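Here the structure is laid out as structure tokens; the discussion comes afterwards.
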Amino acid sequence: MKNREELKNPLPDFAWYQKQSAKLKLSPRCPFASTKLCPRYFRTSWIFGQHAVIERMSAKEITKHEEQLDKSPLFSKEFQLQPTLWLTNDQRHPTGFQDCCPEVVYDAYGVFASSARFMDKYDERTQHAELKRENAHPDDWRWKYLSLTPAHFSECREFSVLSHTVSTSKQRGARPEARNISSKQRWEILFRDNFTCKYCGRKPPEVALTVDHFVSVHADGTKEPSNLVAACEACNAGKSNRPPPQL
Numbered sequence: 043m044k045n046r047e048e049l050k051n052p053l054p055d056f057a058w059y060q061k062q063s064a065k066l067k068l069s070p071r072c073p074f075a076s077t078k079l080c081p082r083y084f085r086t087s088w089i090f091g092q093h094a095v096i097e098r099m100s101a102k103e104i105t106k107h108e109e110q111l112d113k114s115p116l117f118s119k120e121f122q123l124q125p126t127l128w129l130t131n132d133q134r135h136p137t138g139f140q141d142c143c144p145e146v147v148y149d150a151y152g153v154f155a156s157s158a159r160f161m162d163k164y165d166e167r168t169q170h171a172e173l174k175r176e177n178a179h180p181d182d183w184r185w186k187y188l189s190l191t192p193a194h195f196s197e198c199r200e201f202s203v204l205s206h207t208v209s210t211s212k213q214r215g216a217r218p219e220a221r222n223i224s225s226k227q228r229w230e231i232l233f234r235d236n237f238t239c240k241y242c243g244r245k246p247p248e249v250a251l252t253v254d255h256f257v258s259v260h261a262d263g264t265k266e267p268s269n270l271v272a273a274c275e276a277c278n279a280g281k282s283n284r285p286p287p288q289l
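Quick note on our numbering: the sequence shown kicks off at 43 and runs consecutively.
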């Protein structure tokens, strides 16, 4: 029997996911796994919740997140994949899913995958018999699924769009507190400002955005939302020549 590292069809569990992240020098989990930020995460959570696979969102939450994502200039609805959950004829039990967020799928089923087909009793008998003949490893996903497409967040179009929206350049010469804006607060400011530089009015993909202190930290500016604005890299670098922000 092969060891897990040699498997052709390894179960995409947390250990598998962490290994993919480490290879790519990325965070262990997707930094954009949020109903506020990612349309695929939101729509997968919505449809899974509708059918009691995970906790259901309230109607108020759904409306709020739909409006927030609709305002974002980053994602056009016509180009978004629509997550699908297949059900039995009586609509009571899932039989598989397609084009889903792997982060939500893991929370629901314990595997990181974008698509899968579940086995019925007949499939299970047939497939398990074949796997026994092969002497398949216990961690081969075929023991649990008729078909499965393992997925890492780096493969998602949404990750590519979001990761290239925000500038990752260092604010050289700034005091540590100037750089110490949390990821959560940064995204709240970008959403509030509709992913638009408040100095020049440009948006991604034309520019990469950062969050700027209107009154600088050197001048005792705070991290309060009223003192933070979305700014493109050029406007943030050329502070002495830029117009006041369009608040």
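Glycine is no exception: its CB is placed at the ideal position from the N, C-alpha and C atoms.
Here the structure is a predicted model, which is why all the values come from computation and not from measurement.
Chain-order list of residues whose beta-carbon lies under 7 Å from that of residue i (same chain, five-residue window excluded)
i       : result
Asp-165 : Leu-188
As assigned by DSSP and simplified to three states, the class of residue i
i       : result
Arg-82  : helix
Pro-52  : strand
Val-271 : strand
Gln-133 : coil
Asp-262 : coil
Residue interval of the alpha helix (DSSP H) (run including residue i)
i       : result
Cys-277 : 275-279
Arg-159 : Careful: Arg-159 lies outside any alpha helix (DSSP H), inside the beta strand (DSSP E) at 155-160.
Thr-105 : 101-113
Leu-204 : 199-205
Sequence-distant residues of its chain with Cβ nearer than 6 Å to residue i (five each side left out)
i       : result
Trp-183 : Asn-51, Leu-53, Leu-190
Distance, residue j Cα to residue i Cα
i       : j       : result
Arg-199 : Pro-73  : 14 Å
Trp-185 : Gln-169 : 7 Å
Trp-88  : Cys-143 : 11 Å
Asn-131 : Leu-111 : 32 Å
Ser-268 : Glu-109 : 22 Å
Ala-57  : Gly-152 : 11 Å
Residue j beta carbon less than 8 Å from that of residue i
i       : j       : result
Ala-193 : Ala-150 : no
Arg-82  : Pro-125 : yes
Val-257 : Leu-232 : no
Ser-196 : Leu-79  : no
Any C-beta of chain B under 8 Å from that of residue i
i       : result
Leu-116 : Absent from the structure: chain B. Only one protein chain is present.
Run of the beta strand (DSSP E) containing residue i, from where it starts to where it stops
i       : result
Pro-180 : Careful: Pro-180 lies outside any beta strand (DSSP E) and carries neither H nor E.
Leu-188 : 187-192
Cutoff 8 Å; reference residue i; Cβ partners in own chain excluding five residues on either side
i       : result
Gly-263 : His-255, Phe-256, Val-257, Asn-269
Ser-225 : Pro-73
Leu-123 : Arg-82, Asp-141, Arg-199
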